[in-house]
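Worksheet: one structure, shown below.
Residue numbers (our numbering), protein chains in the order written: chain E, 1 to 113; chain U, 1 to 110.
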């Protein structure tokens, strides 16, 4: 069974640009969550989508947005990139019911110069 | 104060030793508890999952949850060099927002 797939694996952008990251969940999983991981802040929740609807949101500015498609694939967009947005962005999927196990992809390493 | 506090480490142990990892939490709404292992430049890998107080064993790994004390632990028996990684505790309530500990880096010396 294929795991969570995230593309691209690495990205280098400059300040002010925007970026789109992609996540394909495990087959049959309908919930996709996004997390930001930095050495200073650790893993922080960005948002969660279920059946194309944002169900939960963390404390990030509006520059961070996402969406989910009918096939459960999800994209995350960051506009007007700042140096502090450099991080590993992780996607996790689950079936989407209660008390779920979450399975993570390998992440997209974003560097903002 | 963070919702989840994890013993910071790092830990360095000889091969074959027992590794003990601990987290405390403050949010009594947390119902589901997980331990993840993360290798460098990789995503977290789910090791253990539990939703009740008590012990859960899986091979060399034992997870303990004490909801009355808001305390969870992970024990690794007969540790191997391949167990060298960062271990993260995580937990959530009935939403899908995982709260993570900061992680403990473990090195198992051959």
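For glycine and all other residues, C-beta sits at the position ideal for the given N, C-alpha and C.
Under the 10 Å beta carbon count, residue 100(E) is surrounded by 16 or more other beta carbons and is classified as buried.
Here residue 92(E) is near residue 4(E), since their CB atoms are less than 9 Å apart. If one requires a minimum length of 4 residues, no alpha helix (DSSP H) run lies completely within the stretch 71-106 of chain U.
For the pair residue 62(E) and residue 16(E), the Cα-to-Cα distance works out to about 15 Å.
Residue pairing from DSSP places residue 21(E) in a beta bridge opposite 76(E). Counting other Cβ atoms within 10 Å of its Cβ, residue 68(E) reaches 16 or more and is therefore classed as buried. Against chain U, the beta carbon of residue 90(E) has neighbours under 9 Å at 43, 44, listed in chain order.
Taking a C-beta cut-off of 9 Å against chain E, the contacting residues of the stretch 83-99 of chain U are 88, 90, 92, 94, 95, 96, 97, 98, 99, listed in chain order. When rounded, the separation of the alpha-carbon atoms in residue 9(E) and residue 96(E) is 25 Å.
For the pair residue 75(U) and residue 88(U), the CB atoms are not nearer than the 9 Å cut-off. At a cut-off of 9 Å between beta carbons, residue 109(E) contacts chain U. DSSP places residue 14(E) outside any beta strand (DSSP E), giving it a letter other than H or E. Taking the Cα positions, residue 73(E) is about 35 Å away from residue 67(U). A straight line joining the alpha-carbon of residue 31(U) with that of residue 20(E) spans about 33 Å.
For residue 39(E), there is no enclosing beta strand (DSSP E), as DSSP marks it with neither H nor E.
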